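Shown next, in structure tokens, is the structure this report addresses.
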Amino acid sequence: MARIGVFICHCGENISATVDCEKVAKVASEFPGVTVSVDYKYMCSDPGQNMVKEAILEHNLTGVVVSACSPRMHEPTFRNACAEAGLNPFLCEMANIREHCSWVHEKSDATTDKAIDIVRTLVEKVKRNEALAPIYVPITKTAVVIGGGVAGIQASLDIADAGHKVVLVEREPSIGGHMSQLSETFPTLDCSQCILTPRMVDVARHPNITLYTYAEIESVDGSIGNFNVKIRLKSKSLDEKLCTGCGACIQKCPVKKIPSEFEQGLGKRTAIYVPFPQAVPNKPVIDRVNCTYYIKGKCKVCEIVCPTKAIRFDQEDSFVEVQAGALLLATGFDVLKTNFFPEYGYGKYEDVIDGLAFERLASASGPTKGEIRRPSDGEIPKKIVFIACAGSRDPAKGIEYCSKICCMYTAKHAMLYKHKVHEGTPYIFYMDIRATGKMYEEFVRRAIEEDEVKYIRGRVSQVYEKNGKLIVRGVDTLLMGQPVEIEADMVVLATAGIASPGSEELAQKLHVSYDKHKFFSEAHPKLKPVETNTAGIYLAGACQSTKDIPETVAAASGAAAKIAGLFSNDLLKRDPLIAVVKKCAPPLYSSCTGCFMCIPVCPYQAIDKEEIKDRSGNIIKTISHINPGLCQGCGTCVAFCKSKSIDILGYNHDQVCAEVEALLNEW
Amino acid sequence: METQNIYLPYIMQIEKVSEDAPFVKTFRLKFINPEDAESFSFKTGQFGEYSVAGVGESTFCIASSPTRKGYIECTFRKAGRVTTALSDLEEGNTIGFRGPYGNVFPIDEWKGKNLLFIAGGIALPPMRSVIWNCLDLRENFKDITILYGAKSVADLVYKHELREWDERPDVKLVTTVDPGGETHDWTGEVGFVPTILDKMAPKAENTIAIVCGPPIMIKYTFPILEKCGFADEMVYTTLENRMKCGFGKCGRCNVGKTYVCKDGPVFSLKQLKQMPDEY
Amino acid sequence: MNNLQQKAQQLLESGNYGLIVGYEKGTSGKARPVFIRKAEHASKLIFDESCDQNIAVYLYRQEIKHDKKKVIVANHHTLKSIVELAAENQVFDGDFMVLAFAGNGDIIELNTFEEIEKHVATLYHGLTEAEAAMMKKIEDMSLEDRWAFWENEFSKCIKCYACRASCPMCYCPTCTVEINQPQWISVPSHTLGNLEWHVMRAMHLAGRCVTCGQCGKACPLELPIQLLTYKVALDSKQFFDSVAGTSICADNALAIFKPEDHENFIR
Amino acid sequence: MERKLLTKDSYRSLITKLIGQNYQVVAPVKKDTMIDFLKISSFDEITEDYIVTVSSAKTVAFPRNEKLFDYEKQNKKLTQQDYDFDSIPQSVLIGVRPCDAFGFHSLSSIFCWDSIDKIYTTRLERTTIIGLSCNKSDDYCFCTSTKGSPGSTAGSDILLTKMTDGNYIVEIVTEKGAKLVADFSDLFTADGGVDKESLLAKVAANFNVDDVLAKINSKFEDEAFWTEQAMRCIGCGACAYVCPTCACFDIQDESHGGKGHRVRCWESCGLSLFTLHTSGHNPRENQGQRWRQRLMHKFSYMPDRLNTIGCVGCGRCSRACPVDMNIAEHCMSIIEN
Amino acid sequence: METNNTNNFEPKVVAFVCNWCTYAGADLTGTSRIKYATNVKIIRFPCTGRIDFMLLMKAFANGADGIIISGCHPNDCHYTSGNFHARRRWMIFRNLLDFIGMDVNRIVFSWVSAAEGAKWAEVVNESVDQFRQLGPATSYQKLIKNSEFQEVE
């Protein structure tokens with residue numbers, strides 16, 4: 001007989017402010033099968049959990065409904081508590097009266113009534129829950145890390161150092177990511193490449209890491225513990241085994257005027273190229289779009305000069321398939337193209353550049369060898385204007401969120417400029433200064449106080465050229481909105497950070513959720529910041545939201561620790577909420593008709609055929625069978641099966657029907 | 001209850017619930033209305049329709065003895081929709097009951113005879129009524145032997161009563177479990193009921209055999225009884241066909257001309273042999 | 001003796017075949033299914049316009065399912081159903097031979113599924129003019145009138161399940177309507193239970209109905225329930241280009257999808 | 001038997017008055033494509049253009065869904081609301097063919113066997129059956145083979161026979177009939193002595209049901225016979241549902257929230273799950289056994305146990321059958337074999 | 001088919017939503033404290049692919065005035081394709097209901113992702129307004145009442 005315990009949480013006042021929790025508990029105590037129904041301030045607290053545990057023991061409960069927040073929040077908490085009290089954890093359900101009720105409705109009888117309905121529904125469901133045992137699946141202890149920026153590099157090294165195999169996939173010819181483009185890093189002003197390049201080399205050398213550059217994810221199937229990842233290795237037109245990286249081909253390549261992506265267009269590269277001198281691997285690829293041979297059918301200079309005959313013009317994309325237990329997304333970010341803002345003149349005036357370009361100008365390895373020279377004429381700018389929030393916090397034209405890193409790097413840029421051009425004057429137009437990290441505020445103060453960076457609080461309305469100068473027109477809101485006009489030699493836009501191109505497609509391939517800005521969504525904003533909603537797929541760095549380097553590295557190490565944790569077991573414990581083909585007594589054995597129309601329905605190829613045999617081994621009938629290791633529990637086959645021969649644990653026919661009835665009928 | 005609505009059940013309250021085996025429960029039921037309790041009577045072997053409002057009715061025998069007044073008991077295994085709903089109920093809940101229906105074990109005719117009860121699995125409940133009825137009128141009968149088997153030790157129902165019968169000097173109880181169903185501390189027999197019966201080789205003289213069990217057990221038990229010399233009219237069994245009404249109208253329980261609900265459920269082997277094999 | 005009867009006689013006499021499922025003359029000039037086991041009974045067989053019943057339902061009948069020496073005389077409804085049953089693994093290649101008829105009345109022997117599929121490709125797949133007109137009549141009604149129309153029709157249904165029993169595609173040993181844990185559909189034959197039943201039946205025939213109309217023909221109360229399954233069949237064709245009974249290996253329309261499937265109602 | 005005459009105009013007045021006096025008047029009505037018994041509110045709804053209605057008249061006393069009682073569960077307590085016998089209306093059933101009328105006899109023998117089903121009996125008691133002799137028949141009719149006839153008065157309270165002039169011969173069969181005639185005595189006039197037989201349809205007696213009764217028991221064990229007989233049968237319930245004597249039913253609960261009712265609804269022995277045990281065992285697992293049950297029940301069990309034949313020869317089952325299982329033919333097969 | 005009785009009429013609405021997108025989206029609505037009508041109560045499913053059309057029939061039979069079905073946007077399904085299968089199912093089912101004269105405006109279908117907390121509130125509020133306009137589902141509920149007993153057809 002059902003003995004259900006109902007536990008109504010006030011969640012401080014989060015629930016009780018709009019829902020009469022005492023009434024809910026009282027009404028629920030009258031539901032058939034409810035043995036105990038209580039309310040409490042904080043169910044998830046230790047005393048709250050103890051109430052649940054004690055009730056289980058005292059009343060010998062057969063089911064528990066915790067009426068509180070979303071199951072995403074505390075279902076594991078209470079299921080564990082139930083398990084500790086000896087109740088099968090799958091006999092515990094959460095009735096979500098916070099996110100789905102108290103937070104979205106005003107205080108009223110209707111809100112309380114709705115909470116009662118929700119509780120009644122879950123009580124009827126839990127009555128029909130079955131005690132389930134978790135499923136164990138073997139884990140392939142290899143991680144695929146997607147993205148070779150600092151996040152991917154850090155995570156790969158951490159996982160590899162923990163003794164597990166890593167496959168690192170980078171779509172560019174070299175790992176390094178945006179960090180390799182940076183000059184110095186805030187707030188310490190140490191050289192970015194000096195910290196990063198040794199790590200890049202470590203990656204290349206690590207025996208546990210397989211590196212695929214110029215490669216992309218083609219497809220992913222399978223699930224946690226056993227993903228099957230197909231990787232497209234884009235043709236580099238090169239036999240990497242033969243190439244020694246001598247660079248002869250690059251020197252001789254006749255096409256030399258291609259704007260370098262790495263240099264943000266401020267430098268040039270050849271058609272066969274390595275993106276930057278410290279690239280890992282330091283072997284060239286042919287940019288087929290710009291290569292004369294691919295355009296005109298002749299040239300082959302590189303092939304001629306190559307001492308090891310490594311050039312392969314007819315090389316095609318190839319594929320590798322990797323079995324992996326976990327995936328890490330570390331695909332980073334991009335910056336908003338500033339043509340959103342024609343009034344800033346980006347693209348129109350050569351001397352209006354974005355932050356990344358400034359990084360290259362300031363970098364000792366950059367196109368100006370670290371001297372701040374403006375792109376148009378190579379002159380050293382005397383007045384330079386930095387415009388913060390170029391796109392950020394601007395729902396009308398750009399993006400509504402704060403890109404978080406711009407305040408700091410703009411301060412850094414102004415500082416670097418001042419350090420290099422002592423007589424110059426840097427101005428910064430800003431909205432607010434957000435300097436919340438360790439030593440960040442001090443850094444900004446230093447810029448203002450020691451380096452005399454002129455901070456102007458206000459927005460720039462227009463940048464236009466006049467007499468060879470860039471006139472920056474804005475207002476100073478601290479001076480009662482007085483108009484400000486600065487005759488600048490150069491303008492640097494702190495453009496917003498946005499999701500890396502292709503994020504959406506990648507998310508769809510991996511079935512992870514992403515937000516409306518195409519950043520990948522974490523499973524929980526606080527408690528599961530490096531997990532996605534898809535088990536076995538993790539997140540690190542700016543692909544989740546723009547992050548600075550310390551945060552990115554912290555997230556990468558966090559994700560790596562999660563993956564290493566997952567790999568520390570040989571078997572993976574999985575929720576057993578999977579579909580099963582129902583069997584019954586002979587002579588029917590199963591109501592499955594063996595039409596096998598469900599086979600194409602399954603996204604996981606989990607359905608195959610099973611022969612039912614009598615005692616002497618004769619086949620009586622052939623029915624569908626669901627492989628529990630492959631089934632992920634979507635239930636599409638369950639709804640499709642006409643004879644209702646398939647059911648799904650945790651969401652079975654009886655449960656969902658009872659829920660519908662309980663939701664619509666009072667008793 | 002003033003009604004002539006033959007479909008209207010008595011309302012009964014569950015006084016006691018016991019879990020006898022995995023998925024098997026026994027309810028002790030009392031009439032809510034004292035007048036019903038007063039007017040109600042039944043005899044051993046009869047059955048009724050037990051119902052859960054909103055779910056439906058299910059047919060099973062009255063498992064208690066008519067000698068025990070003031071309540072009836074029923075034992076059921078959770079299998080279909082109604083028995084699932086029933087097993088969800090607890091003490092104090094109310095259920096519907098209509099009955100009694102069907103014929104009875106002719107225990108008056110058995111006076112002065114030896115009784116051999118042979119039961120398997122969940123078929124002990126119908127037998128339990130008649131066993132207790134006979135034990136409560138112990139002086140009317142000579143030797144009483146009970147052979148009861150189940151798939152496994154856990155599946156044996158009425159364990160406490162089995163112990164009680166075992167301890168009684170005037171009852172010989174033999175329990176058995178199917179091979180593989182025994183536990184390490186099992187002291188009873190191991191083997192299928194017909195096999196054990198064969199080993200027991202009961203004497204047929206002046207003995208009535210009452211057999212209840214799954215069809216496969218019955219099928220193999222009758223020949224052994226025959227071998228031991230039991231005449232067909234000395235062997236009784238009770239049939240459990242699917243029923244809806246309980247009073248010969250709904251048309252399900254026909255076995256040839258025989259209506260199990262009216263002419264049965266108790267049949268002698270002699271009667272059974274005259275019926276077509278459609279049960 | 002006509003061609004069919006002679007053919008049947010030969011087949012039975014040859015000993016290679018032991019059973020012919022076909023049509024005979026029934027009561028009041030109606031045709032009805034017949035099972036011929038002896039050559040001398042072959043003369044009972046008929047095949048004319050009255051033989052419009054879909055008899056594919058007998059192919060998987062327990063009593064003759066495993067009899068591999070059977071022949072079925074198939075009209076075009078039956079042929080389409082055989083193809084669909086083949087696609088759904090309910091009948092198996094080589095388990096029976098089909099006698100079909102060419103346009104000129106000649107008998108065609110179809111021994112394999114491939115031959116049947118090929119022959120079915122030559123048949124007309126779609127509603128007759130009269131059927132299409134009935135569909136149009138209902139579709140042209142206002143929503144209220146349509147509801148009133150079907151409410152009236154469903155109120156008459158006695159839930160005898162003749163529609164189900166006569167439909168070759170209704171082969172489930174336990175129909176959803178017979179499941180009581182949970183009770184999907186009200187058992188009593190009131191309008192609500194009837195509506196639920198007919199909607200469910202139609203949905204379960206989505207992508208599977210060969211538009212033979214046998215369910216409607218079988219209904220003793222003459223409910224035009226075939227229109228419901230026609231509706232899902234027409235929609236399957238229109239939305240997914242899926243026509244049941246044309247391919248022995250096609251996946252069911254609702255078992256597959258295309259990312260570009262187009263609807264206009266999801267917000 | 002007392003005979004009277006009812007002119008067509010008086011017939012109209014009679015029905016109109018009955019309706020006016022709040023009788024539930026049930027009559028054959030052409031609805032959509034078919035003719036069936038329906039509650040009428042005006043004489044003009046009645047049709048006489050039928051051989052038999054699609055469904056039988058049994059629905060008046062044994063409706064396809066009968067609410068047996070209501071219940072309510074509140075606070076874990078159950079209360080029951082007994083069947084309201086007072087709610088059963090006084091009814092007049094018009095246009096019942098003699099075969100159909102006789103069907104009530106068989107039906108009553110089931111519902112009154114030992115445990116009297118008062119819901120059924122009250123419904124029938126409160127119904128006056130005005131039969132209508134058959135003036136036409138078809139290939140399905142075989143009442144004359146089952147001891148009936150197109151003009152049989154058995155089962156009717158009053159039997160009308162339509163004359164060529166459109167007026168009706170009235171035969172007052174029962175006291176209930178006599179009472180109705182007395183209540184409206186001004187509408188009935190003296191009998192003109194027209195020969196009733198000449199007005200009746202001719203139904204050939206192709207077999208004698210007594211022969212079926214005599215032979216069917218010996219056929220029971222002949223499984224091959226039944227399998228072959230039932231080959232065509234697809235196992236629906238149409239025959240039983242339209243049959244005037246089939247009484248098999250199911251008992252089901254219907255509820256919403258804590259309120260609900262128990263319902264008795266028609267079921268058929270032809271359906272494969274009719275006898276299925278929860279254990280999976282089915283005593284009648286193939287269609288041959290189920291078809292045998294149907295015929296045995298009508299021609300052996302009912303005659304033996306209830307002293308009545310379970311078939312009135314109306315031929316409805318054969319008309320309703322999607323595969324033309326003609327019961328008369330099957331009876332003849334039993335005799336022949 | 002329905003009378004437009006919108007006086008204080010509060011429709012009973014069931015929402016069948018998938019666990020990964022819309023359920024999470026509705027969580028986000030809560031976290032963002034966006035208000036919506038109390039009429040809608042959510043039942044969680046693993047995926048829209050799991051939602052049996054029979055459950056919609058069940059909801060109507062139990063007195064629902066409106067139903068919301070919501071899941072992941074195309075290509076976003078946590079299980080790859082459950083929502084695509086569901087979409088096909090609804091395309092057929094919706095037309096069938098329309099064919100029998102049911103007002104399909106009583107069923108609202110939407111894709112609401114885990115990020116679309118605001119959209120969920122919009123969908124709910126718009127749907128409830130729509131159902132209010134339609135009034136109680138009397139034509140269906142009449143069938144439920146009539147289901148108790150049918151004397152002579």
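As you go down the protein sequences, you meet chains S, P, R, Y and U in turn. Position 146, counted from 1, in the first sequence is what the numbering used here calls 146; the numbers after and before it change by one each time, with no gaps. Position 240, counted from 1, in the second sequence is what the numbering used here calls 240; the numbers after and before it change by one each time, with no gaps. Position 240, counted from 1, in the third sequence is what the numbering used here calls 240; the numbers after and before it change by one each time, with no gaps. Position 24, counted from 1, in the fourth sequence is what the numbering used here calls 24; the numbers after and before it change by one each time, with no gaps. Position 8, counted from 1, in the fifth sequence is what the numbering used here calls 8; the numbers after and before it change by one each time, with no gaps. Think of the CB as a built atom: it goes at the ideal place given N, C-alpha and C, for glycine as much as any other residue. None of the values given here were measured: they were computed from a predicted structure.
Close-in-space but distant-in-sequence residues of the same chain around residue i (CB under 8 angstroms, 5 per side omitted)
i	result
residue 5(U)	Bear in mind that a pLDDT of 48 at residue 5(U), under 50, signals an unreliable position, so the model cannot answer this.
residue 581(S)	590, 592, 610, 623, 624, 625, 626, 645 and 646
residue 126(S)	4, 63, 64, 65, 91, 92 and 93
Sequence-distant residues of the same chain with beta carbon closer than 6 angstroms to residue i, five excluded per side
i	result
residue 80(Y)	69 and 71
residue 654(S)	128
residue 110(Y)	247
Residue i, buried or exposed, once every other Cβ within 10 Å from all chains shown has been counted against 16
i	result
residue 124(R)	exposed
residue 2(U)	Bear in mind that a pLDDT of 42 at residue 2(U), under 50, signals an unreliable position, so the number given afterwards is only what the model happens to contain. Classification of residue 2(U): buried, given that the 10 Å Cβ count is 16 or more.
residue 289(S)	exposed
residue 241(R)	exposed
residue 102(R)	exposed
residue 26(Y)	buried
CA nearest to the CA of residue i, picked from the options
i	options	result
residue 77(U)	99(U), 68(U), 41(U) and 50(U)	50(U)
residue 129(Y)	37(Y), 273(Y), 246(Y) and 289(Y)	37(Y)
residue 224(R)	16(R), 259(R) and 151(R)	151(R)
residue 273(R)	116(R), 159(R) and 76(R)	What the structure shows of chain R is the stretch from 1 to 267, and residue 273(R) is not part of that stretch, so it cannot be assessed.
residue 319(S)	666(S), 304(S) and 235(S)	235(S)
residue 268(R)	319(Y), 331(Y), 222(Y) and 327(Y)	Residue 268(R) is absent from the structure shown; chain R starts at 1 and stops at 267.
Chain-order list of residues whose beta-carbon lies under 7 angstroms from that of residue i (same chain, five-residue window excluded)
i	result
residue 55(P)	81, 82 and 85
> Taking Cβ-Cβ distances below 9 angstroms as the criterion, which residues of the stretch 85-97 of chain P are in contact with chain S?
Replying inline: 87, 88, 89, 90, 91 and 93
> Quick check: the stretch 148-159 of chain P against the stretch 172-188 of chain P, are there 3 or more CB pairs under 8 angstroms?
Replying inline: yes
> Is there contact here, the stretch 240-258 of chain Y with the stretch 217-235 of chain P, by at least three beta-carbon pairs under 8 angstroms?
Replying inline: no
> In chain order, what residues of the stretch 625-654 of chain S put their CB closer than 7 angstroms to some CB of chain R?
Replying inline: 640, 642, 643, 644, 653 and 654
>> Does the contact criterion of 3 or more C-beta pairs under 8 angstroms hold for the stretch 226-239 of chain S versus the stretch 202-216 of chain S?
In response: yes
> Between the stretch 154-171 of chain S and the stretch 188-195 of chain S, do three or more beta carbon pairs fall short of 8 angstroms?
Replying inline: no
> In chain order, what residues of the stretch 12-38 of chain P put their CB closer than 7 angstroms to some CB of chain Y?
Replying inline: none
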